[in-house]
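J.:
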Amino acid sequence: MARTTKGTHRIVVSDVEYRWIVRGDYGQLHTLIWPANNIGPSISCAFGFHEKDAMPLIVTNRLVRRVIDYAIGCCDYDPIHRGDDLSIRDIENHIEWQDAIRMRNVAEETHSIVADIAAHFPVHPAPKPSDAIIDTYMVEHLHEILGGKTWRKLTPTECRHCSDGFTFLTPVGLHYYLPAYINAEVVDPGEADVVIDSLIGLFQGARSFGSDEYLRFWRLLTPMQLTVIGKWIDHYETRYHFNDSTKTEVENARKWIASFANSVSQSQ
Numbered sequence: 049m050a051r052t053t054k055g056t057h058r059i060v061v062s063d064v065e066y067r068w069i070v071r072g073d074y075g076q077l078h079t080l081i082w083p084a085n086n087i088g089p090s091i092s093c094a095f096g097f098h099e100k101d102a103m104p105l106i107v108t109n110r111l112v113r114r115v116i117d118y119a120i121g122c123c124d125y126d127p128i129h130r131g132d133d134l135s136i137r138d139i140e141n142h143i144e145w146q147d148a149i150r151m152r153n154v155a156e157e158t159h160s161i162v163a164d165i166a167a168h169f170p171v172h173p174a175p176k177p178s179d180a181i182i183d184t185y186m187v188e189h190l191h192e193i194l195g196g197k198t199w200r201k202l203t204p205t206e207c208r209h210c211s212d213g214f215t216f217l218t219p220v221g222l223h224y225y226l227p228a229y230i231n232a233e234v235v236d237p238g239e240a241d242v243v244i245d246s247l248i249g250l251f252q253g254a255r256s257f258g259s260d261e262y263l264r265f266w267r268l269l270t271p272m273q274l275t276v277i278g279k280w281i282d283h284y285e286t287r288y289h290f291n292d293s294t295k296t297e298v299e300n301a302r303k304w305i306a307s308f309a310n311s312v313s314q315s316q
């Protein structure tokens, strides 16, 4: 595969931004990773579909990060300077991959969640970009893609390109655009891609984030919106296949939603 800007995904590892892309061919998921500066060499490897073991594997930032870490730690890979491209054979023998997200078909449940999102997350008014996006650098793409657009008009591809919004959106912005991210994963998980990891990470609770801004975001959610998030967590567990360590994410998310919903009900 050649480097391209179309259909690529973004990841930052050790303060270096990378782009990556996956192409399926002959039972393998060929993965190409390269520094966004287009100076450093690329990394290529391939994962199996593993559909005989469970449901087909999906390559996400979780696996890509491990590939990059392995390349740097074990293959003397340098993303900053020019060098020979790195091809890693049998990558599954070198990194943990069994906890990779896997696809399942849950169409009926999907329609239910989409309807709940539309019913309980208002479309209007959309916040101004200055109110929705943190005033910092590297957020130009958020202004370009979001730019006062309503959450319902965002496509799964646009949500993927704005997956760092979980870091760079204000509590008001994250509260408003959260339904777009959830909807993107439900409707087209393959295209939403990294949004999957970002969503379940967002729901890990204050112990994982520990910031006042994080709590401000949660206080904006209504009881019915918390219920929708709870349904999405059930959907997340149903749609994908996990090992025991990954199930901890689901357990933590459920505990956090339950405890926060309880605190909201007591305050009313």
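For any residue, its number in my numbering is found by taking its place in the sequence shown, counting from 1, and adding 48. Here a beta-carbon is modelled for each residue, glycine too, at the ideal position from N, C-alpha and C. All figures in this text were calculated on a predicted structure; none of them were measured in a lab.
Taking the straight line between their C-alpha atoms, what separation do you get for Q146 and A84?
T.: Roughly 28 angstroms between the two C-alpha positions.
J.: Using the Cα positions of L160 and N86, report the straight-line distance between them to the nearest angstrom.
T.: In the sequence as displayed, the identity of residue 160 is Ser instead of Leu. Computed Cα separation, rounded: 43 angstroms.
J.: Quick check: the segment 213-231 against the segment 174-183, are at least 3 beta-carbon pairs closer than 8 angstroms?
T.: Counting Cβ pairs under 8 angstroms, three or more are found: they touch.
J.: At the level of alpha carbons, what is the spacing between G75 and N109?
T.: Distance between the alpha carbons of G75 and N109 is about 20 angstroms.
J.: Apply the 10 Å Cβ neighbour rule to Y185 and answer buried if 16 or more other Cβ atoms are within range, or exposed otherwise.
T.: Result: exposed.
J.: Between the alpha carbons of E299 and S307, how many angstroms are there, rounded?
T.: Distance between the alpha carbons of E299 and S307: 12 angstroms.
J.: When the Cα atoms are used, what is the spatial distance from K176 to G195?
T.: So the alpha carbons of these two residues sit roughly 7 angstroms apart.
J.: Compare the Cα-Cα distances from H223 to each of E233, D126, T198 and report the closest residue.
T.: Among E233, D126, T198, the Cα nearest to that of H223 is on T198.
J.: When you compare the CB positions of D207 and L190, do they come within less than 8 angstroms of one another, or not?
T.: Here residue 207 turns out to be Cys, not Asp, going by the sequence shown. Taking 8 angstroms as the Cβ cut-off, C207 and L190 do not qualify as a contacting pair.
J.: If you compare alpha carbons, which of V115, Q252, R302 is closest to H142?
T.: Out of V115, Q252, R302, V115 has the C-alpha closest to the C-alpha of H142.
J.: With distance defined between alpha-carbon atoms, name the residue in L268, D73, I136 nearest to D117.
T.: Ranking L268, D73, I136 by Cα distance to D117 puts I136 first.
J.: Can you name, in chain order, every residue of its own chain whose Cβ lies under 7 angstroms from the Cβ of E144, other than the five neighbours on each side?
T.: Excluding residues within five positions, the ones whose Cβ falls inside 7 angstroms are R114.
J.: Report back the beta-carbon spacing between L77 and L105 to the nearest angstrom; my notes put them in contact at under 8 angstroms.
T.: Yes, they are in contact, since the Cβ atoms of L77 and L105 sit about 7 angstroms apart, within 8 angstroms.
J.: Around the C-beta of G349, are 16 or more other C-beta atoms found within 10 angstroms, so that it is buried, or is it exposed?
T.: Past the edges of the chain, shown from 49 to 316, lies residue 349, and the structure says nothing about it.
J.: Quick one: what's got a C-beta closer than 8 angstroms to F95's C-beta in the same chain, skipping five residues either side?
T.: If we look at F95 and ignore the five residues flanking it on each side, its Cβ neighbours are Q76, L77, T79, L105, V107, L111, I139, E140, W145, A148.
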